[in-house]
Structure formats: C-alpha cells, structure tokens
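> Please see the structure below; I have some questions.
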Amino acid sequence: MSWEQNVRCVEPYVPGEQPKVSNMIKLNTNECPYPPAPKVQEVLSQTDAERMRLYPDPKITDLTEALAHYHQVDPAQVFVGIGSDDVLSVAFLTFFHSGKPVLFPDITYSFYPVWADVYGIPYATVPVDEAFQIHPEDYKRENGGIVIANPNAPTTLELSTEGIREILNANSDSVVIVDEAYVDFGGTTALSLVSEYDNLLVVRTFSKSRSMAGMRIGYAIGSAKLIKYMSDVKFSINSYTLNRISITTGTASVQDDAYFKEIVARVMKTRDTYVTELRKLGFVLPDSKTNFYFATHPKYSAEFLMTKLRERNIFVRHFKKPECISNYLRISIGTDEEMEALVKALKEIMEG
Ligand SMILES: *Cc1c(COP(=O)(O)O)cnc(C)c1O
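Below, the structure written as structure tokens:
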C-alpha cells in the first residue's frame, strides 16, 4: 500500500506555449495584438503597492456592477472569476452533479473533458458534422448538462441563436453553458435568452477581445438563482479570487467602450483581409467568427508548416488530437504587419 494509490490522477490540459523568445510573432494563444484601453494603464499607474497589505473585495463589487451595467442585467446575475477557465471550472463543479453524462461537441475547447475528469463528472462527446458544424438535434437526449462554445474553438464556426434556443427548449432539466470567449468578434450572443431560461449560463472572458489575458478575468451571466449557486461553491473554495489590480483594471476596461469597439473592429478587419491571402496560398478555411483562423492545406501538412514557421520565430497552434483536426493550424489574428510577415514566411516555406 502506497500513498500514491490514493492520489487523484488526472491528465492535465496543456495550454498554448508562452515562448521566451524576443522578436517573435505570437499567433498561438489567441491573445489580442493591441494593448488594453488607455484607462487601464492610467488606473495601473495610480496603483499604490501599500494597498497590497489588504485582502481584495471578496465580492468583487466594482467589477460586477460595471459588468451588470454594461450588459443591462442585475448585479446578482453576474459571477466574476479568475479568467473564464475558473468560471467554467466552478460552473462544472456546481451544476454537473447528476451522475448523468454532460454533453459537449467532440471538436471543441479541450479543457471541458479535463474539468469533467478532475471532478469525476461523466461526459459524452457529440460528433460535429464533416464541416465541423454543431447540430442542435444531437443534444436532445438524456444528459447531466450541456456545454457549447459559441463561436466554437478551434473551428471558428457559429451556431445561430435559434440553434441555442432549440437546445434550451429540449433541456429544461439541465444547465446549458454557452462559452462566448470569442463572441465579440462578430458572433451573436445568447445573452438575450438569459431572461427567458433560468438554466442558461453565458460565459465571457477579458483574455481575447479585452487584451487582458495576463490579468485573468472572466465572468458569467445567468439567472440570479444560477449565480447564487455558483457563488456558494466559490465561497466554499476560495473567497478572494480576483486580486486588487485585476478588479480595478478590469473595471476600467469595461468603462472604455469606445476603445474596446475600435480594437475589436481592427482585429476583424485584419482577419477579413488576410483570409483572402491565405486562400490565395491554397489554404482551405471557413470564414472565421473569432480572432483566429482554422486552416488546412491540401499539399503541406500542418505539422510541417508549424515547424517551419517556428524556425522563423512565428508561433501558431497545432493539435495532434483528435485525428480529424490534426492537419489544421489554428492561427491567431495579429496586427496587419504580423499577418503580412506570416504570409511572406508561408510563401517562402512553400517555395522550398
Ligand atoms: C481562451 C478560452 C477560454 C479561457 O479563457 P480565460 O478567460 O483566459 O481563462 C475559455 N473558453 C474558450 C473557448 C477559450 O478559447
């Protein structure tokens, strides 16, 4: 008998690499290439280290209220956490307690099965079709909860609000989580359904569209009832989740909507320009509703291209598993200059 027999063994999620390289073009973790709102820098400059003596506000009141105001909901309908990964993890732990399998697509954010495993939640993956589309009718079976990333990652594709509604209509007995990490880049939000369905939880992040991945801020919006259950679980694990600086800078970000809209529009413009360039190079990819592309090439393997790009200090993401996406590259949208450099590098690689 060894203590190791009593260990909770898990196969962890592997986040995208954060290489310690200077002058790299980093297109591998869907960060925003532009800085956060000027007001964020301003608040940061005014921060006094002396205040660090004190615990932060466990209720995260300022940021919760700013988000409630921004989305026109009651503060009791907002849950804030340490990035949406934390929010999703708390939601899994809170809502998926039935013993029945939680459903999510087979091609989606690969953290979902990891949370299910670490919490001992049974799950079943639902195949997307050959074009990677999600079909709502596949979610009309017994389940202990449903998770849909919308737009989906890494496919960049969107399910319509009607599709989400169809899933909700068939599943009043389980909590439906819609992970909207990328919705700001031209997707349609399910937030309008929150007032109709008290079992819908919409999850958002500051990491992509708000240029604040380093501050770890995420949130969820749902019925006050859902949020109260999540809050009870959070306060049973760690009262002080967000640190002081994340709270103040996050609040500043929400208050500068003009900058936010400008940045998101810029990323979308670059995305829609360079999709044409990639297609000219022979890549096959759908129109993206996110801040990244999901592209495959009929002549060059994804692994080859990734390796060759890496030699040139250009980082993109490639998933070896599952098999059906192993020949795709996930390429974050950078600045126009970065995308220009990417296209140039790809041309050189393909010319051998
Ligand atoms: C990036 C991402 C997240 C996690 O974002 P954080 O807020 O940085 O934890 C969650 N879901 C999806 C689909 C993502 O792509």
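If you use the numbering used here, the sequence shown corresponds to residues 5 to 356, in order.
Note that the Cβ used here is the ideal one computed from N, Cα and C, for glycine as well.
Quick caveat, the model's predicted, so the values are computed rather than measured.
Does residue 11 have its Cβ less than 9 angstroms from a Cβ in chain C?
No chain C is part of this structure, which consists of one protein chain only.
> Just checking residue 174 against ligand 1 - is the residue's beta carbon closer than 8 angstroms to any of the ligand's heavy atoms?
no
> For residue 171, name the three-state secondary structure that DSSP assigns.
helix
> Quick one: is the Cβ of residue 207 within less than 8 angstroms of any heavy atom of ligand 1?
Taking non-hydrogen atoms of ligand 1 into account, the C-beta of residue 207 is found less than 8 angstroms away from one of them.
> Between the alpha carbons of residue 159 and residue 289, how many angstroms are there, rounded?
9 angstroms
> Output the distance between the C-alpha atoms of residue 150 and residue 180, rounded to the nearest integer angstrom.
5 angstroms
> Please tell me whether residue 264 and residue 70 are closer than 9 angstroms, where the distance is taken between their beta carbons.
no
> Measuring only from the beta carbon, is residue 1 closer than 8 angstroms to any heavy atom that is part of ligand 1?
Shown here, the chain extends from 5 to 356; a query on residue 1 therefore has no answer.
> Can you confirm whether the segment 263-279 touches the segment 330-349 when touching is taken to mean that 3 or more C-beta pairs between the two stretches lie within less than 8 angstroms?
Taking 8 angstroms as the limit for Cβ pairs, the verdict is that the segment 263-279 does touch the segment 330-349.
> Using a Cβ-based criterion (distance less than 8 angstroms to any ligand heavy atom), does residue 247 qualify as near ligand 1?
Result no, Cβ not under 8 angstroms from ligand 1.
> Can you round the beta-carbon distance between residue 194 and residue 143 to whole angstroms, since I take them to be within the 8 angstroms contact cut?
Not really, about 14 angstroms apart at Cβ, beyond 8 angstroms.
> Between which residues of its own chain and residue 176 is the CB-CB distance below 7 angstroms, once the five residues before and five after are set aside?
203
> For a test of your reading of the model: does the CB of residue 115 fall under 8 angstroms from any non-hydrogen atom of ligand 1? Yes or no.
yes
> Going along the chain, which residues of its own chain have a beta-carbon closer than 7 angstroms to the beta-carbon of residue 117, five neighbours each way excluded?
Same-chain partners within the cutoff: 127.
> When the Cα atoms are used, what is the spatial distance from residue 198 to residue 135?
29 angstroms
> Who does residue 225 pair with in a DSSP beta bridge?
82, 206
> Is it the case that the segment 40-54 contacts the segment 244-261, given that we only count it when at least three CB pairs across the two stretches are under 8 angstroms?
yes
> Following the continuous beta strand (DSSP E) through residue 127, name the residue where it begins and the one where it ends.
127-130
> Since residue 300 is in the beta strand (DSSP E), which residue starts that stretch and which ends it?
296-300
> Check for me: the beta strand (DSSP E) holding residue 153 runs from which residue to which?
Note, residue 153: beta strand (DSSP E), 150-153.
> Cutting at 6 angstroms between CB atoms, please list the residues of its own chain near residue 59, excluding the five before and the five after it.
244
> Closest to residue 302 by CA distance: which of 333, 201, 113 is it?
333
> Pull up the CB-CB distance for residue 31 and residue 319, whole angstroms please, since I reckon it's below 8 angstroms.
Confirmed, about 6 angstroms.
> Span of the beta strand (DSSP E) holding residue 332?
DSSP places residue 332 in the uninterrupted beta strand (DSSP E) bounded by 332-336.
> What residues are listed by DSSP as bridge partners for residue 321?
BP columns for residue 321 point to 334.
> Is there contact between the segment 286-300 and the segment 94-108, where contact requires at least three CB pairs shorter than 8 angstroms?
no
> Looking at residue 87 and ligand 1, is the gap between the Cβ and the nearest heavy atom below 8 angstroms?
yes
> Could you please give the first and the last residue of the uninterrupted beta strand (DSSP E) stretch that includes residue 29?
It spans 29-31 - the beta strand (DSSP E) in which residue 29 sits, taken as one unbroken run.
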